[in-house]
Each structure stands twice: as structure tokens, then as C-alpha cells.
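Everything on this sheet refers to the single structure shown next.
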Amino acid sequence: MVVAHHDWYGLWRPIVASVELRHIRYLLAVADHANFTRAAESLHISQPTLSQQIKQLERTLGVILLDRSGRTVRLTDAGEAYAQHARLALRDLDAGERAVHDVQDLSRGHLRIAMTPTFTTYFIGPLVHRFRTAHPGITLTVRESTQERIEADLLADRLDLGIAFAGAHPVGIDHRALFTETLRLVVGSDHPLAARRGSLPVRQLSREALGLLSPDFATRQDIDAYFAGLGVAPHIAVEANSISALLEFVRRGSLATVLPDAIAHEHADLHLVPLSPPLPTRTVELLRRNTAYHSAAARAFAEVVRVAAQER
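Heads up: the sequence shown begins at 1 in UniProt numbering, then just goes up one per residue.
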């Protein structure tokens, strides 16, 4: 690798540089931990070795990459510029390694998927079952996350696919519409509203005890926007960051909640109560990084999602 090096006489001259992957990984570890000791521990090397390797990288490039003068170590301006490209390079190298080992017959491989939490309760289960039945040799990592984190992880190649909602996605995210999800008022069998016929005026909810997801959920943000737009102040008696816990509270009969109607369809002891005006609908999308290469496993799972969405 040839880089330009500025000598003491103000002249730029090319030198032969031997920047290795370990140098890049070491630099990024120090930048992420803002501390040599913690970075060395995460890399399972000694702190003196790490310091020596970083200095070697700085000598090779002819610039100071880290500001060591403060209580924490931080990247210099040159370090920030180099680290940005280094992260992209490592991401593409990791993707290339997976491409080399990608088996087109799907006899083995690994797939990384994330979704916003509501889909865990009614959508992802059938998808994983169908995919595993067809391709038992593929292992999967499935996790819940916020939409913002899903998009960031897709761009950083920490995920292969995401299931979230339509909206203003960052540059570099491909999105495909799957189906429309409708929010509804949900109550248990013993709740007084379970026997109601006809729509409930939304203003009456100010007298009903509600259990809602906590404000960090995208679903809760949509609910809050709905109430705010109508000038309604709901009576929020319980907040929970777990959908399963919220459903358990509602089943007991004293609380109502707002969730996607598909969740209620999965439980015979839950009832949907239409509101007037109705709660909002949302477009569910399959997200992936805009890149020329997608693994055979990712393409196969995307097809499973497409078929399941059509069946809905």
C-alpha cells in the first residue's frame, strides 16, 4: 500500500506502507472505548502492545491519529477521517468473507434479522418456522430493536434484514412494502367494553384506564400523536416496555390497551373495540442495505417474508 508522507522539509513523498488489518481493528477499538486499557482488554492483548501497534500505524501514515492529552483518548481530525474509511473497509471485507463462504444451495449459512417489537408477537414466529422447515442448515440470530437502531445496523452490516415501518429512511436503505398494520383498542373478555357494539368515541377514553407501551416504542409514539391530534388526554394507568406483560395486564380485565389488531387475532380472550375516529394504520416494510451482494440465505428469507405478506 502506497501513501503520501510529509517530511520535515515540507515535501510530499510516497512511502511503502504495510498497514495490516490488526492495525485498523486496534485503532477502532481505542476510538470506541476512548481508553487504551479497556480497548486492550476487549482485544485480549496487553496495553503496551496496543500502544506500540497504534504508534506504528501513525508512523506508517505520517499523522497523529489519537489525541492522548485528555482524561480520555479521542480521535484527532485526521483520525476521524481515517476511522470513517476504515470502518467502511472492514464492513466490506466482512461482507466479502461471507460472500466467499455463501452456499447457494442453502445447506449452511447464517442470517441476522431484527424487527421492531410488535412483530415478535404475531409475525416473526411463522416466518422463522417456515424458513427453518425449508432450510434447516441455516442458523438465525433474531432480535428486537428500535427502527433507528435497525437502520444503523443494516448500514454497518451488522444485520442482513429488518422488519419495521415506512418512513424517512437513511440513504443506503432499501425498503419494500409488505402489508398494512392497523392499531386498535384492545380489551380482555371481562372488560366492560368487550360487550360494546359500535364505535366508541375517542373522547370517552379519558375515563378508561389504559395500559400502553412505554414512550420509546414506535407504536406508542403513533398512539400519542393520534391522541394529541384530536386534543384528547387519555388516562394512562400503566406503562410497560414488554408487550407480553401488557397483554397479561389486559387479560385481567381492568385495563384497555392499543396494539396492532393482528395481535388480538392471535388471542381468543382479547377483543377489538373500534374507535371513532379510527386509530392510524402503518405500512410494514422489509429493510435491507442497498448493496450489490445479498447472501443466498437473506434472499431466501426475503422471499418467505414476501409470500407471508401476500397471504395476509
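Here a beta-carbon is modelled for each residue, glycine too, at the ideal position from N, C-alpha and C.
Check whether the Cβ atoms of Glu-285 and His-175 lie closer than 7 Å to each other.
yes
Could you name each continuous beta strand (DSSP E) segment of 3 residues or more that falls completely within the region 149-234, going from the start of the chain to the end?
161-165, 173-188, 209-213
What residue from Gly-229, Gln-56, Ala-237, Leu-50 has the CA that sits closest to Leu-213's CA?
Ala-237
Using only the alpha-carbon positions, how far apart do Val-307 and Pro-170 sit?
26 Å
Could you check the C-alpha separation between Gln-53 and Ser-46 for me, to the nearest Å?
11 Å
Determine the direct distance from the alpha carbon of Leu-159 to that of Thr-257, and round the result to whole angstroms.
32 Å
Glu-248 burial status per 10 Å Cβ neighbour count (16 or more: buried)
exposed
Which same chain residues, not among the five before or five after Ala-83, have their C-beta less than 7 Å away from its C-beta?
Leu-27, Leu-28, Ala-31, Leu-75
Where Asp-45 sits in the DSSP three-state scheme
A small correction: the amino acid at residue 45 is Ile; Asp does not occupy that position in the sequence shown. Coil.
Sheet register partners of Gly-109 (DSSP bridge)
Ile-138
Taking only three categories from DSSP, how would you classify Arg-25?
helix
Glu-266 - DSSP class collapsed to helix/strand/coil:
coil
Less than 7 Å between the beta carbons of residue 316 and Ala-95, yes or no?
Only positions 1 to 312 of the chain appear in this structure, which leaves residue 316 out of reach.
Looking at the structure shown, is Phe-301 part of a helix, part of a strand, or coil, going by DSSP?
helix
Take residue 313 as the anchor and find which of Gly-79, Thr-72, Gly-62, His-23 has the nearest alpha-carbon.
Because the chain in this structure spans residues 1 to 312, residue 313 falls outside the shown range and cannot be described.
Distance, Cα to Cα, Pro-14 vs Leu-93?
Here Pro-14 scores only 43 on pLDDT, less than 50, and its place in the model is too uncertain to base an answer on.
Just verifying my parser: in three-state terms, what is the DSSP assignment at Ile-64?
coil
Alpha helix (DSSP H) segment containing Ala-256, residue limits
Ala-256 -> not in any alpha helix (DSSP H); beta strand (DSSP E) instead, spanning 256-260.
Supposed contact pair Leu-183 and Leu-279 - C-beta distance, whole angstroms, cut 8 Å:
4 Å
Residue span of the alpha helix (DSSP H) that contains Arg-251, given as start and end
243-251
What distance in whole Å lies between the Cβ atoms of Leu-200 and Ser-276, which are believed to be in contact at a cut-off of 8 Å?
7 Å
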